[in-house]
Amino acid sequence: MADTLTESTSSVPVPAPRSRATRAATELGWSVEESASLYSIRNWGKGFFDVNAAGHVVVHPQRNPAIAVDLYEVVAGMRERGFRTPLLIHFSDLLKQRLVDIAEAFRGAIVEHGYHGTYQGVFPIKVNQQRRVVEEVRDAGKGLGFGLEAGSKPELLAVMGMTSDTPERLIICNGFKEERYIEFTALAKKLGRNIIPVIENITELKLILRFYEQHGVRPTIGVRVNLAAQGAGRWRHSSGLKAKFGLSMTEVLEVLSILRSKGMEDCLQLLHCHMGSQIHDIRQVNQGINELARIYTQLAKAGAGMKYID
Numbered sequence: 004m005a006d007t008l009t010e011s012t013s014s015v016p017v018p019a020p021r022s023r024a025t026r027a028a029t030e031l032g033w034s035v036e037e038s039a040s041l042y043s044i045r046n047w048g049k050g051f052f053d054v055n056a057a058g059h060v061v062v063h064p065q066r067n068p069a070i071a072v073d074l075y076e077v078v079a080g081m082r083e084r085g086f087r088t089p090l091l092i093h094f095s096d097l098l099k100q101r102l103v104d105i106a107e108a109f110r111g112a113i114v115e116h117g118y119h120g121t122y123q124g125v126f127p128i129k130v131n132q133q134r135r136v137v138e139e140v141r142d143a144g145k146g147l148g149f150g151l152e153a154g155s156k157p158e159l160l161a162v163m164g165m166t167s168d169t170p171e172r173l174i175i176c177n178g179f180k181e182e183r184y185i186e187f188t189a190l191a192k193k194l195g196r197n198i199i200p201v202i203e204n205i206t207e208l209k210l211i212l213r214f215y216e217q218h219g220v221r222p223t224i225g226v227r228v229n230l231a232a233q234g235a236g237r238w239r240h241s242s243g244l245k246a247k248f249g250l251s252m253t254e255v256l257e258v259l260s261i262l263r264s265k266g267m268e269d270c271l272q273l274l275h276c277h278m279g280s281q282i283h284d285i286r287q288v289n290q291g292i293n294e295l296a297r298i299y300t301q302l303a304k305a306g307a308g309m310k311y312i313d
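Count the sequence shown with my numbering and you get residues 4 to 313, in order.
Here is the structure:
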């Protein structure tokens with residue numbers, strides 16, 4: 004149920020384990036229900052976390068109240084076996100269920116609003132590069148149509164290796180792209196992979212055209228655009244027209260013009276933007292999506308083969 008990642012420290016004295024016997028919360032003048040209410044665990048826990056009768060935090064990896072892992076007991080058991088805290092405890096079932104939750108949330112919204120497109124989640128492996136986590140996201144996302152995102156050449160090589168048996172799996176390539184990184188995307192395309200490099204400057208476009216022509220394949224290209232709409236919060240300056248990364252609308256039109264001159268305007272298929280992190284006001288997300296949708300439709304009318312909003 005729970006995997007633990009830690010290091011044994013046999014050369015370091017380990018404190019004697021504490022007794023696993025605990026006093027009832029009522030003996031201390033404080034109830035379990037008061038603890039659960041104070042920390043609002045049943046609200047943010049989404050059915051995965053709770054407090055048991057002993058006052059211990061428990062995990063329900065499958066969101067089934069009958070199946071619980073007592074975190075206090077896990078830690079106490081690890082100490083008895085000679086391990087020291089802190090411990091990193093990983094729940095595979097919880098991760099899989101959250102992927103399903105995301106897919107079902109979008110599926111429900113699509114039906115409710117009569118949307119004619121589809122949703123395809125893409126996991127950026129920079130979020131958590133532990134092999135076990137990425138493999139579980141890959142496996143759980145297979146039936147959901149989820150893809151993976153690489154932000155560097157080493158990440159791309161890792162993603163390529165992990166999806167060798169599913170060449171149709173969507174791979175999006177972001178981040179700084181030097182020559183070898185871009186050439187690897189061309190080689191991946193030649194091998195039949197569903198791969199989209201997202202360009203952030205005109206130089207990257209020129210490299211893509213050179214290497215893809217050299218290897219005899221047509222690229223599928225995305226562009227990162229800087230929106231006028233700006234996010235909120237601490238990282239709001241990473242978005243907007245003055246953002247450090249991404250293309251202005253003038254540059255996006257230049258990209259389309261270059262592709263059109265080569266009869267490749269249909270290769271432009273993805274529009275990507277970054278609105279910042281931890282945006283707490285849904286109105287700003289709405290504003291950004293509206294602007295992005297207008298750009299998307301104008302590019303499609305101009306001949307681009309648009310398929311994705313990222």
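No residue lacks a Cβ here, since even glycine has one placed at the ideal position from N, Cα and C.
Check your understanding: Where DSSP assigns a beta bridge to Y311, which residues make up the other side?
Key -> Beta-bridge pairing links Y311 to L273.
Check your understanding: Considering only residues of the same chain and omitting the five flanking positions on each side of V201, which have a CB-CB separation below 6 Å?
Key -> Cβ contact annotation for V201 (same chain, cutoff 6 Å, sequence separation greater than five): N177, G225, R227 and H275, in chain order.
Check your understanding: Exposed or buried, which one is N229 when buried takes at least 16 other CB atoms within 10 Å?
Key -> Classification of N229: buried, given that the 10 Å Cβ count is 16 or more.
Check your understanding: According to DSSP, which residues form a beta bridge with L173?
Key -> In the DSSP output, where bridge partners are listed per residue, L173 has N197.
Check your understanding: Is it the case that the Cβ atoms of V162 and A153 are separated by a distance below 8 Å?
Key -> Yes, the Cβ-Cβ distance between V162 and A153 is below 8 Å.
Exercise for review: Decide yes or no for the touch test of the segment 201-215 against the segment 284-300: beta carbon pairs closer than 8 Å, at least 3 of them.
Suggested key: At 8 Å Cβ cutoff, the stretches do not touch.
Check your understanding: Can the beta-carbon of P222 be found less than 8 Å from the beta-carbon of K192?
Key -> Taking 8 Å as the cut-off, the beta carbon of P222 is found closer than this to the beta carbon of K192.
Point to revise | 3 or more residues per run - each beta strand (DSSP E) lying fully within the segment 134-187 | key: The segment 134-187 contains these whole beta strand (DSSP E) runs: 150-153 and 173-176.
Point to revise | For Y311 and Q272, the rounded distance between their alpha carbons | key: The alpha-carbon atoms of Q272 and Y311 are separated by roughly 6 Å.
**Study point:** Rounded separation between D313 and K99 - CA only
**Key:** The straight-line gap from Cα to Cα measures roughly 22 Å.
Review point. Going by alpha carbons, who is nearest to Y122 out of I282, N131, G308 and G111?
Key: Among I282, N131, G308 and G111, the Cα nearest to that of Y122 belongs to G111.
Point to revise | Cβ contact (3+ pairs, closer than 8 Å) linking the segment 78-90 and the segment 38-52 | key: Short answer: they don't touch.
Check your understanding: Under the three-state reduction of DSSP, which class applies to A24: helix, strand or coil?
Key -> Bear in mind that a pLDDT of 46 at A24, under 50, signals an unreliable position, so the number given afterwards is only what the model happens to contain. In the structure shown, A24 sits in coil (DSSP, three-state: anything other than H, G, I, E or B).
Practice item. Give the single residue among A305, R101 and V62 whose Cα lies nearest to the Cα of I44. Key: Here the closest residue by C-alpha is V62.
Point to revise | Pair within 8 Å by beta-carbon distance, G308 and R263 | key: Cβ distance not < 8 Å, so G308 and R263 don't count as in contact.
**Study point:** Buried versus exposed, by CB contacts within 10 Å (16 or more), A106
**Key:** With 16 or more Cβ atoms within 10 Å of its Cβ, A106 is classed as buried.
Practice item. Have a look at T3 and T206 and give me their C-alpha separation to the nearest angstrom. Key: What is shown of the chain runs 4 to 313, which leaves residue 3 out entirely.
Check your understanding: Rounded to the nearest angstrom, how far is the Cβ of L97 from that of V78, given a contact under 8 Å?
Key -> With 8 Å as the limit, L97 and V78 do not qualify as a contact, their Cβ atoms being about 18 Å apart.
Check your understanding: Which one or two residues does DSSP pair with F52 in a beta bridge?
Key -> Bridge partners of F52: V62.
Check your understanding: Taking the beta strand (DSSP E) that I224 falls in, what are its first and last residues?
Key -> Membership of I224 in the beta strand (DSSP E) is indicated by the continuous run I224 to R227.
Review point. In three-state terms, what does DSSP make of V255?
Key: In the structure shown, V255 sits in a helix (DSSP, three-state: H, G or I).
Exercise for review: Return yes when the Cβ of G58 is within less than 8 Å of the Cβ of S40, no when it is not.
Suggested key: Going by C-beta atoms, S40 is not nearer than 8 Å to G58.
Point to revise | Contact under 8 Å by Cβ, H93 with R135 | key: Result yes, Cβ atoms of H93 and R135 sit closer than 8 Å.
Review point. Leaving out the 5 sequence neighbours to the left and right, which residues in its chain are closer than 6 Å to S155 when beta-carbon positions are compared?
Key: So the list reads G178, once near-sequence residues are dropped.
**Study point:** Identity of the residue in L173, D269, G117 and C270 nearest G146 by Cα
**Key:** Nearest option by C-alpha distance: L173.
**Study point:** Buried or exposed by the 16-neighbour rule on C-beta atoms within 10 Å, applied to R183
**Key:** Burial call: exposed.
Exercise for review: Taking only the alpha-carbon atoms, compute the straight-line gap between G124 and A108 and give it to the nearest angstrom.
Suggested key: Taking the straight line from one Cα to the other gives about 12 Å.
Exercise for review: Indicate the three-state DSSP secondary structure (helix, strand or coil) for F126 in the structure shown.
Suggested key: Looking at F126 - three-state DSSP - the assignment turns out to be strand.
Exercise for review: Please go through the same chain and pick out, in chain order, the residues whose beta-carbon is closer than 7 Å to the beta-carbon of G150, but skip the five residues on each side of it.
Suggested key: Around G150: Q123, V125, R172, L173, I174 and I175.
Check your understanding: In three-state terms, what does DSSP make of L262?
Key -> In this structure, L262 counts as helix in the three-state DSSP scheme.
Review point. So is E181 buried or exposed if we call it buried at 16+ other beta carbons inside 10 Å?
Key: Classification of E181: exposed, given that the 10 Å Cβ count is below 16.
Practice item. Report whether the distance from the Cβ of Y311 to the nearest heavy atom of the ligand SAM is below 7 Å. Key: Ligands in the displayed structure: none, and consequently the ligand SAM is not present.
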